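So the sequence shown is numbered by full-length UniProt numbering: it starts at 1 and just counts up by one. Every residue, glycine too, gets a C-beta built ideally from N, C-alpha and C. Treat the numbers as computed from the prediction; the structure is a model and nothing was measured. Taking it in order: structure first as structure tokens, then the write-up.
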Amino acid sequence: MANVWAIHSVGDSLVTYLRNSYNTFIDQNAPDDSSLPNPVPECRFSLLSSPAFDDMESALEGEHQLSLYLYRINVNEHLRNLRQGGEFPQKQVPLSLDLHYLMTVWSKSALAEQLIIAWAMRQMQATPVLDRSYLSAQANWGTEEMVQIIPAELTHEDMMRIWDALKPAYRLSFGYVARVVRIESDVSETGLPVVATQFGLGAANGAVDTVETRLGVLQ
Numbered sequence: 001m002a003n004v005w006a007i008h009s010v011g012d013s014l015v016t017y018l019r020n021s022y023n024t025f026i027d028q029n030a031p032d033d034s035s036l037p038n039p040v041p042e043c044r045f046s047l048l049s050s051p052a053f054d055d056m057e058s059a060l061e062g063e064h065q066l067s068l069y070l071y072r073i074n075v076n077e078h079l080r081n082l083r084q085g086g087e088f089p090q091k092q093v094p095l096s097l098d099l100h101y102l103m104t105v106w107s108k109s110a111l112a113e114q115l116i117i118a119w120a121m122r123q124m125q126a127t128p129v130l131d132r133s134y135l136s137a138q139a140n141w142g143t144e145e146m147v148q149i150i151p152a153e154l155t156h157e158d159m160m161r162i163w164d165a166l167k168p169a170y171r172l173s174f175g176y177v178a179r180v181v182r183i184e185s186d187v188s189e190t191g192l193p194v195v196a197t198q199f200g201l202g203a204a205n206g207a208v209d210t211v212e213t214r215l216g217v218l219q
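The following block contains the structure:
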């Protein structure tokens, strides 16, 4: 499990992974003759907030960028009703989330746009699971924690609906889901609920003689 920084940690870690991997990709494709241009274009990588996404159209200025935008969060349907410790849990159930991302390439060059998205999709397929070694430390991830990254099942209509709600014109994009992101509860552990108990001292005619009824007789 992780703390409340977990959501940001996943997106930030994905962007860091892609950025570092792309720099290696550039170096691997550098021509032997240093006077020749590298066939792999430079690219910036960013995790966008909603306002920043709206401003991306005007922020291009000849650069090539790949952005990751968290457009939806939902509680994982399989873990929604999970209970720990049987019927009376002593611990609060962690919040289990699925994070839905839109990966978008921003470029005015068809070559750069298509090369970058192809490379990014290949990298995401090569690393479908982020373990603690990939995830940023701010969320205090558990030692065995892992987040699975899978392609989102977005239809053409789903994708258009997302872009209709956004300010910029459509850009080449692909969807991913990060699951399961488990956020631990901050509720302290407590004991089992206290239930009042009556101690039976005997029975007559099917009725139980209790401490409470005897005290009533003595009063």
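Where V147 falls: helix, strand or coil (DSSP):
Along the sequence shown, read from residue 1 onward, the residue named residue 147 stands at position 147. Strand, per DSSP.
Within 10 Å of its beta-carbon, does T149 have 16 or more other beta-carbons around it, so buried, or fewer, so exposed?
Mapped onto the sequence shown, residue 149 falls at position 149. Sequence inspection shows Ile at residue 149; the Thr mentioned does not correspond to that position. The residue is buried, with at least 16 neighbouring Cβ atoms inside 10 Å.
Hey, is the stretch 41-61 in contact with the stretch 110-117, meaning 3+ C-beta pairs nearer than 8 Å?
yes
For S9 versus A120, is the C-beta distance shorter than 8 Å?
Translated into the one-based positions of the sequence shown, residue 9 becomes position 9. Translated into the one-based positions of the sequence shown, residue 120 becomes position 120. Contact flag unset, no.
Any idea if W64 is buried or exposed, counting beta-carbon neighbours within 10 angstroms, 16 or more meaning buried?
Taking the first residue of the sequence shown as position 1, residue 64 is located at position 64. The sequence given here has His at residue 64, not Trp. With 16 or more Cβ atoms within 10 Å of its Cβ, H64 is classed as buried.
Go ahead and pull the three-state DSSP assignment for M159.
Position 159 of the sequence shown, counted from the first residue, corresponds to residue 159. Note: M159 maps to helix in three-state DSSP.
If you draw a straight line from the alpha carbon of D98 to that of V180, how long is it in whole angstroms?
For the purposes of this step, residue 98 is taken as residue 98 along the sequence shown, with counting starting at 1. For the purposes of this step, residue 180 is taken as residue 180 along the sequence shown, with counting starting at 1. Rounded to whole angstroms, D98 to V180 spans 6 Å at the Cα level.
Starting from A178, trace the beta strand (DSSP E) in both directions and tell me its first and last residue.
The count along the sequence shown starts at 1 and reaches residue 178 at position 178. Its beta strand (DSSP E) spans residues 173-183.
Taking the alpha carbon of P51 as the reference point, which residue from A152, N74, Y69 has its own alpha carbon closest?
Here residue 51 corresponds to residue number 51 of the sequence shown, with the count starting at 1. Here the closest residue by C-alpha is Y69.
Look at the alpha carbon of M103 and the alpha carbon of I7, and state the distance between them as a whole number of angstroms.
Sequence index remark: in the sequence shown, residue 103 carries index 103 (1-based). Sequence index remark: in the sequence shown, residue 7 carries index 7 (1-based). M103 and I7: Cα-Cα distance of roughly 16 Å.
For V75, the first and last residue of its enclosing alpha helix (DSSP H)
As a working note, residue 75 is residue 75 in the sequence shown. Element bounds for V75: not the alpha helix (DSSP H) but the beta strand (DSSP E), 65-75.
How far does the beta strand (DSSP E) with L97 in it reach, from first residue to last?
Mapped onto the sequence shown, residue 97 falls at position 97. Per DSSP, L97 belongs to the beta strand (DSSP E) from 95-106.
Below 8 Å on the Cβ atoms is my contact criterion, and I expect L66 with F45 to pass it. Report the Cβ-Cβ distance as a whole number of Å.
Working through the sequence shown from its first residue, we reach residue 66 at position 66. Working through the sequence shown from its first residue, we reach residue 45 at position 45. Going by Cβ atoms, the distance from L66 to F45 rounds to 5 Å, so yes, they are a contact pair.
Nearest CA to the CA of residue 277: which residue from H100, N76, L14, G11?
This structure leaves residue 277 out entirely; the chain is present only between 1 and 219.
Within 10 Å of its beta-carbon, does Y176 have 16 or more other beta-carbons around it, so buried, or fewer, so exposed?
Here residue 176 corresponds to residue number 176 of the sequence shown, with the count starting at 1. Answer is buried; the Cβ neighbour count reaches 16.
So what does A2 bridge to, in DSSP terms?
Along the sequence shown, read from residue 1 onward, the residue named residue 2 stands at position 2. Note: A2 sits in a beta bridge opposite I183.
Sequence-distant residues of the same chain with beta carbon closer than 6 Å to L95, five excluded per side:
In the sequence shown, residue 95 corresponds to position 95, counting from 1. Same-chain partners within the cutoff: I183.
Residues in its own chain within less than 7 Å of L154 by CB, not counting five upstream and five downstream?
Sequence index remark: in the sequence shown, residue 154 carries index 154 (1-based). Within the same chain, L154 has close Cβ partners G175.
Taking 7 Å as the line, does the beta carbon of S107 fall inside it for any heavy atom of the ligand SAH?
Among the components of this structure there are no ligands whatsoever, and the ligand SAH is therefore not found.
F25 versus W106 - alpha carbon distance
Working through the sequence shown from its first residue, we reach residue 25 at position 25. Working through the sequence shown from its first residue, we reach residue 106 at position 106. Going from the Cα of F25 to the Cα of W106 covers about 19 Å.
Classify M56 as buried or exposed, calling it buried when 16 or more other Cβ atoms lie within 10 Å of its own Cβ.
For the purposes of this step, residue 56 is identified with residue 56 of the sequence shown, where counting begins at 1. With 16 or more other Cβ atoms within 10 Å, it is buried.
Which class does V40 belong to by DSSP, given the choice of helix, strand or coil?
The residue given as residue 40 occupies position 40 in the sequence shown. In this structure, V40 counts as coil in the three-state DSSP scheme.
Please report the straight-line C-alpha distance between L36 and A178, rounded to a whole angstrom.
Indexing the sequence shown from 1 puts residue 36 at position 36. Indexing the sequence shown from 1 puts residue 178 at position 178. Approximately 39 Å between the Cα atoms of the pair.
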